[in-house]
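Enquirer: Protein chains in written order, with my numbering: chain A, 1 to 203; chain B, 1 to 203. Okay, here's the structure, questions in a sec.
2 protein chains.
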Amino acid sequence: MARLPVYLRSLSELHDDKIATVSSERLAEMAGVNAAKVRKDLSYLGSYGTRGVGYDVEYLSFQMSRELGLTHDWPVVIVGAGNLGQALANYGGFRQRGFPVAALVDASREKVGGYIHGVPVHHMDDLPALAADLGFAIGIIATPASAAQEVADALAAAGVRSILNFAPAVITVPEGTSLRKVDLALELQVLSFYQEHQDADEA
Amino acid sequence: MARLPVYLRSLSELHDDKIATVSSERLAEMAGVNAAKVRKDLSYLGSYGTRGVGYDVEYLSFQMSRELGLTHDWPVVIVGAGNLGQALANYGGFRQRGFPVAALVDASREKVGGYIHGVPVHHMDDLPALAADLGFAIGIIATPASAAQEVADALAAAGVRSILNFAPAVITVPEGTSLRKVDLALELQVLSFYQEHQDADEA
DNA sequence: GGTTGTGAACAAATTCACAGCG
DNA sequence: CGCTGTGAATTTGTTCACAACC
């Protein structure tokens, strides 16, 4: 159900515009999908719509936030205080959407001790203590590919059950741990594939 | 075929390890997928394997790079010189994998003129001229959500046919333009959903 | 014997289309 | 009459299993 957050974002826009109810058709348009898909997806949450009318924006938002577990903040830890890690620590979108960056962690002693964009930098070895202390449930891997698996193991060992991996490497996690990945360069490679095929079609 | 880049990365690792041939089984393990899927995917490129032996790492890499359009660099332009845009400009992974950042572009005159991490910062209005000059085919949107559609339109107007959108907004592009999106906070929201459901299962 | 390439079986996701309800 | 909720139909994607080949 990776589309729920997109619906939620659309609902939030509607709410800002003081719109009280919305049809599946309108919501589909905003989310860039098919109306039937919206109804199927929402029906999975329960029967929150009213036939002939649509969905109550506020009520649906609430139910959806509850289902997504967004009724409270989820502090996150970022492992890797390099370029990407620092950038992510400074990215306002995380805090704004309920994922404050509680700590940065790095394997290099040189980077440890200070603050980056207001976020304290700790050593990898302190991960278990930090997890207990700050109670983060989500870890973000922003290290080079070579360190990714090791970091994933350390996060899992520290009790972190959700991992978002930015390193360009395939990693495995224990049963019961959720894993998602974002490979920035991979996205560009997919685009270059389409470019190449556009060009071929034109020739 | 969003899996091809993953295979390519695995092939590159094998090449570094001086391994000349690889079976679909081994490649599947490295890429974290099923062996039959690897064979299906690769057969789409052509019959490059040898029965009883496997695939020639170097030859397959070459064919795959060609198919993906990675035989030459694709310069990219990043629109939005805020936190995220600057971070992406500084992210080594792009250049390293053949996507040099040719320019940063912003709507604010204050940011225009200098260099950020060695990348020149230009004004939005210069986009068409820059496109003609630097020949970028890929644009990265790293603006706030409110500006995303406008930027997409400007990129399309400047002849950019591939867009990677980091703004948390649904945007539309003209027919013939490729669009991919990365929503960082959305990934965390999906993870929080799984967290919530893990917890529920344990209770 | 080992491994590919692929048709056939299966599973998942999407879309259609309409009954049922407000 | 309009719009939801959902079974049925369709499409898409995955996996199996094995003949063909080295």
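Built from N, CA and C at the ideal position, the CB exists for glycine as well.
1) Cα-Cα, which of B:Thr50, B:Arg3, B:Tyr44 is closest to Ala20 of chain B?
2) So, for Ser206 of chain A: in the same chain, excluding its five sequence neighbours on each side, which residues have a beta-carbon less than 6 Å away from its beta-carbon?
3) Select from the region 148-165 of chain A all residues with a C-beta closer than 7 Å to any C-beta belonging to chain B, and list them in chain order.
4) Starting from the C-beta of Ala203 of chain B, find all residues in its chain whose C-beta is less than 6 Å away, skip the five residues before and the five after it, and write them out in chain order.
5) Mapping the DSSP letters down to three states, classify Ser108 of chain B as helix, strand or coil.
6) Which residues does DSSP list as the beta-bridge partners of Arg180 of chain B?
7) Along chain B, which residues have their Cβ under 7 Å away from the Cβ of Pro168 of chain A?
8) To the nearest whole angstrom, what separates the beta carbons of Ala177 of chain B and Ala156 of chain B, a pair I think is in contact under 8 Å?
9) Can you give me the C-alpha to C-alpha distance between Met30 of chain A and Val170 of chain B, rounded to a whole angstrom?
10) By the 8 Å beta-carbon criterion, what residues does the region 66-87 of chain A contribute toward chain B?
11) Rounded to whole angstroms, what's the CA-CA distance from Tyr48 of chain B to Leu68 of chain B? Just pull it up for me.
12) Taking only beta-carbon atoms, is Val90 of chain B less than 7 Å away from chain A?
13) Note down, in chain order, every chain B residue with its Cβ under 7 Å from the Cβ of Gly114 of chain A.
14) Is it true that the region 130-144 of chain B meets the region 87-104 of chain B, where meeting means three or more beta-carbon pairs spaced less than 8 Å apart?
15) May I ask you to verify whether the region 111-123 of chain A touches the region 120-128 of chain B, counting CB pairs closer than 8 Å and requiring at least 3?
16) Is Asp73 of chain A closer than 7 Å to Gly54 of chain A when the C-beta atoms are compared?
Expert: So, from the data block:
1) B:Thr50
2) With chain A covering 1 to 203 only, the question about residue 206 of chain A has no answer from this structure.
3) Arg161, Ser162, Leu164
4) Caution applies to Ala203 of chain B, whose pLDDT of 41 falls short of 50 and renders its modelled position unreliable; the model cannot decide the point.
5) coil
6) B:Leu164
7) Arg9, Gly93
8) In the sequence as presented, Ala is not what sits at residue 177 of chain B; that position holds Thr. Going by Cβ atoms, the distance from Thr177 of chain B to Ala156 of chain B rounds to 6 Å, so yes, they are a contact pair.
9) 7 Å
10) Glu67, Leu68, Gly69, Leu70, Trp74, Val76, Asn83, Leu84, Gln86, Ala87
11) 16 Å
12) In the sequence on display, residue 90 of chain B carries Asn and not Val. Output row for Asn90 of chain B: interface = yes.
13) Chain B residues near Gly114 of chain A: none, gap ~19 Å exceeds 7 Å.
14) yes
15) no
16) no
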